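Presented below is the structure to which this report refers.
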């Protein structure tokens with residue numbers, strides 16, 4: 001018996017996406033029919049194949065390798081190639097879209113792609129689509145945030161030794177060139193598998209000078225089930241102002257802000273004026289804080305110690321409408337005072 005569930009091709013998410021594309025006129029009839037024929041063959045072959053070796057031979061045949069070239073295919077994230085059938089469909093779709101280069105026609109496929117994919121992934125994860133933001137990997141949003149942060153002398157950054165290189169010790173040494181007075185503290189689990197001991201190794205590296213604790217998985221799944229527990233323990237050590245929606249399945253970035261006052265909901269940060277010890281924050285600063293703390297909307301700003309998010313996270317009409325409504329609501333409260 002095959003290890004794969006007997007699910008009809010037309011009931012699988014990949015087919016549903018292609019069908020929705022065709023239904024909305026985003027790909028031609030010829031492109032869709034070619035995809036359907038190939039997809040049916042692939043699914044049926046995988047489901048009915050009972051021999052493990054034969055199955056992997058079939059999977060290998062789906063790549064357009066040059067078997068006469070002096071090369072050996074390897075499995076590496078940055079070197080992986082696309083299945084030949086998928087690449088041909090992508091090429092056909094690009095040709096379909098090039099037939100009409102009007103801005104409306106070119107926007108529709110990409111916006112619809114994100115929305116359709118988000119809905120399918122949300123259904124699989126049993127969450128609301130609006131809670132999902134597509135990034136290249138867990139390190140991408142972390143890098144967006146920590147590259148936009150300012151550090152003070154004495155700040156410490158705790159980094160897991162097994163982090164992805166974009167968020168690892170070397171990456172942070174490069175960032176240290178901009179902030180030479182920060183201290184990078186490496187957490188080495190040394191093969192530890194006990195959950196409580198793993199948590200202790202992270203927490204023991206944190207002190208009052210810690211600004212960031214960053215860990216992201218590359219090849220291991222050792223921490224995948226324990227990320228939330230580690231984050232909760234870190235929350236007991238110092239105040240963390242990272243909304244749960246920003247926690248990545250493969251990585252978490254926890255941040256302690258430097259304000260003297262407490263952070264988080266219910267605490268508006270005050271900013272010093274030129275002629276007074278502490279002054280009420282400017283309207284724009286109050287608005288940024290309210291959007292972030294009360295609506296989970298990140299605002300790109302260099303002022304203060306707030307996180308800065310890449311604007312492309314908010315890339316659908318739904319998110320834009322939500323942001324506009326939140327700004328309108330917060331400004332109305334200010335005007336009522």
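Residue numbers (UniProt numbering): 1 to 337.
For glycine and all other residues, C-beta sits at the position ideal for the given N, C-alpha and C.
Because the structure is a prediction, the values reported are computed rather than measured.
Asked                                                                                                                                                                         : Found
Evaluate residue 345 with the Cβ neighbour count: other Cβ atoms within 10 Å of its Cβ, from every protein chain shown; 16 or more gives buried, anything less gives exposed. : It is not possible to answer for residue 345, since the shown part of the chain is limited to 1 through 337.
Between the alpha carbons of residue 23 and residue 13, how many angstroms are there, rounded?                                                                                : 15 Å
Please report how far the alpha carbon of residue 168 lies from the alpha carbon of residue 207, in whole angstroms.                                                          : 20 Å
Taking just the CA atoms, how far does residue 33 sit from residue 96?                                                                                                        : 14 Å
Starting from residue 48, trace the beta strand (DSSP E) in both directions and tell me its first and last residue.                                                           : Segment 29-48 is the alpha helix (DSSP H) holding residue 48; no beta strand (DSSP E) there.
Just reading off the alpha helix (DSSP H) that residue 199 is part of, what are its end residues?                                                                             : 195-203
Mind checking who residue 210 pairs with in its DSSP beta bridge?                                                                                                             : 156
Which whole-angstrom value is the C-beta distance of residue 192 and residue 201, which I expect to be below 8 Å?                                                             : 7 Å
Measure the alpha-carbon distance for residue 11 versus residue 126 and round it to whole angstroms.                                                                          : 18 Å
Using CA atoms only, rank isn't needed, just tell me which of 21, 334, 184 is closest to residue 93.                                                                          : 21
What would DSSP say about residue 215, mapped onto helix, strand or coil?                                                                                                     : strand
Using a Cβ-Cβ cutoff of less than 7 Å, which residues in the same chain neighbour residue 154 once the five nearest sequence positions on both sides are dropped?             : 181, 209
Helix, strand or coil for residue 114, going by three-state DSSP, please let me know.                                                                                         : helix
Residues bridged to residue 170 by DSSP?                                                                                                                                      : Note: residue 170 sits in no beta bridge, so no partner.
Would you list the one or two residues that DSSP bridges to residue 183?                                                                                                      : 156
Determine the DSSP secondary structure at residue 123, reduced to helix, strand or coil.                                                                                      : helix
Beta-carbon separation of residue 84 and residue 63 under 8 Å?                                                                                                                : yes
Within its chain, find whatever has a CB closer than 7 Å to the CB of residue 109; leave out the 5 residues flanking it on each side and keep chain order.                    : 26, 97
Assign residue 290 to one of two classes, buried (16 or more other C-beta atoms within 10 Å of its C-beta) or exposed (fewer than that).                                      : buried
Would you please state the rounded distance, in angstroms, between the beta carbons of residue 187 and residue 161? I believe it to be under 8 Å.                             : 6 Å
Taking just the CA atoms, how far does residue 90 sit from residue 327?                                                                                                       : 39 Å
Buried or exposed: residue 54, going by 16 or more other Cβ atoms within 10 Å of its Cβ?                                                                                      : exposed
What number of angstroms, rounded off, separates the C-alpha of residue 46 from the C-alpha of residue 323?                                                                   : 45 Å
If we ignore side chains and look at the alpha-carbon of each, how far apart do residue 132 and residue 123 end up?                                                           : 11 Å
With residue 13 as the anchor, note down where its alpha helix (DSSP H) starts and where it stops.                                                                            : 13-23
I think residue 173 touches residue 211, with their Cβ atoms under 8 Å apart; what is that distance to the nearest whole Å?                                                   : Going by Cβ atoms, the distance from residue 173 to residue 211 rounds to 16 Å, so no, they are not a contact pair.
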